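Single-structure report; data block below.
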Amino acid sequence: MERYSVIKEKNPREIVLLKGFSCAYGKCAFCNYILDNTNDEEEMKKVNFEALSRVTGEYGVLEVINSGSVFELSGATLERIREVCKEKNIKILYFEAYFGYLNRLNEIREYFSEQEVRFAFGLETFDNNYRTKVLKKNFILNERVLEKLKSEYQMCLLMICTKGQTKEQILSDIEQGMKNFKELVVSVFVNNGTEIERDEELVAWFLTEIYPKYKDVPNIEILVDNKDFGVYVQ
12 MERYSVIKEK
22 NPREIVLLKG
32 FSCAYGKCAF
42 CNYILDNTND
52 EEEMKKVNFE
62 ALSRVTGEYG
72 VLEVINSGSV
82 FELSGATLER
92 IREVCKEKNI
102 KILYFEAYFG
112 YLNRLNEIRE
122 YFSEQEVRFA
132 FGLETFDNNY
142 RTKVLKKNFI
152 LNERVLEKLK
162 SEYQMCLLMI
172 CTKGQTKEQI
182 LSDIEQGMKN
192 FKELVVSVFV
202 NNGTEIERDE
212 ELVAWFLTEI
222 YPKYKDVPNI
232 EILVDNKDFG
242 VYVQ
């Protein structure tokens with residue numbers, strides 16, 4: 012288990028993995044992170060304050076993730092994040108926020124008014140059918156929605172190399188992600204006990220033929236393993 016790490020390449024920043032309340036959606040077929048949720052606020056406070064105590068402000072940039080969205084973090088945790096940002100002179104703050112919170116993001120921007128708040132969200136794929144029917148992430152992407160997402164979110168998260176995906180779909184997702192968002196994180200799926208399974212043939216193809224083309228692109232971070240950012244719970 013590791014809840015604090017430092018990302019030194021491409022977009023240098025500190026990152027913390029915190030505990031939150033249950034994910035407001037919690038139905039994604041591929042997600043086992045919900046196992047890290049808790050309703051015990053004292054446990055949440057203990058875990059989160061310890062992780063936040065390790066923040067140094069080295070780069071002036073902090074990314075906060077949890078097994079849901081920033082809106083599932085407790086009030087005490089949010090207040091401690093704000094204090095740490097002031098103490099460590101954090102200028103840029105990243106949070107994750109599920110699509111369902113799209114119209115509430117300004118609440119977080121206002122709360123952290125002294126920082127530039129950047130939001131990330133898990134789109135997983137631009138393929139509506141695969142996202143909704145297979146991954147069970149139930150929102151439809153159309154031109155109007157995409158324009159709204161582009162204006163509100165800095166970072167798009169994609170998931171690749173699962174059974175049922177194709178090479179063409181993966182290439183299209185990466186191209187569309189680069190075209191529409193300032194930052195892109197592409198995660199190669201790792202089996203995690205859910206109903207979604209990794210496609211080893213796609214993984215071999217991606218790592219051999221595609222990864223070398225994108226690994227040095229400044230605004231794309233590729234996670235070959237879900238522990239590559241250095242934070243994880245087992």
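Heads up, the sequence shown is in the numbering used here, so the first residue is 12 and it goes up one at a time.
Glycine included, each C-beta is placed from N, C-alpha and C at the ideal position.
Quick caveat: nothing in here was measured; it's all calculated off a predicted structure.
(request) State the Cα-Cα distance for the pair E163 and N117, rounded to the nearest angstrom. (result) 9 Å
(request) Report the partner residues of S198 according to the DSSP bridge assignment. (result) M170, L234
(request) Return helix, strand or coil for N153, following the three-state DSSP convention. (result) coil
(message) Short of 7 Å in beta carbon distance, which residues of its chain neighbour F60, apart from the five on each side in sequence? Order them along the chain.
(response) Answer for F60: R91, listed in chain order.
(message) Between the stretch 231 to 238 and the stretch 187 to 198, can you find at least three pairs of beta-carbon atoms closer than 8 Å?
(response) Yes, the stretch 187 to 198 touches the stretch 231 to 238.
(message) I want to check one thing, is the minimum distance from the CB of L113 to the heavy atoms of the ligand ADP below 8 Å?
(response) This structure lacks the ligand ADP; in fact it carries no ligand of any kind.
(request) Please report how far the alpha carbon of G68 lies from the alpha carbon of N77, in whole angstroms. (result) Answer to the nearest angstrom: the Cα atoms are 20 Å apart.
(request) Counting only the same chain and skipping the five closest in sequence on each side, list residues whose C-beta sits under 6 Å from that of F82. (result) Y112
(request) Compare the C-alpha of K190 against each of E127, Q165, E52 and name the closest. (result) Q165
(request) Quick one: grab the DSSP three-state call for S78. (result) coil
(message) I'd like the list of long-range same chain contacts for N48, defined as Cβ closer than 8 Å, with 5 residues on each side in sequence excluded.
(response) K30, G31, F32, S33, C34, S78, G79, E83
(request) Take Q180 as the anchor and find which of L213, L160, T219, E158 has the nearest alpha-carbon. (result) L213
(request) Give the DSSP-derived three-state secondary structure of F217 in the structure shown. (result) helix
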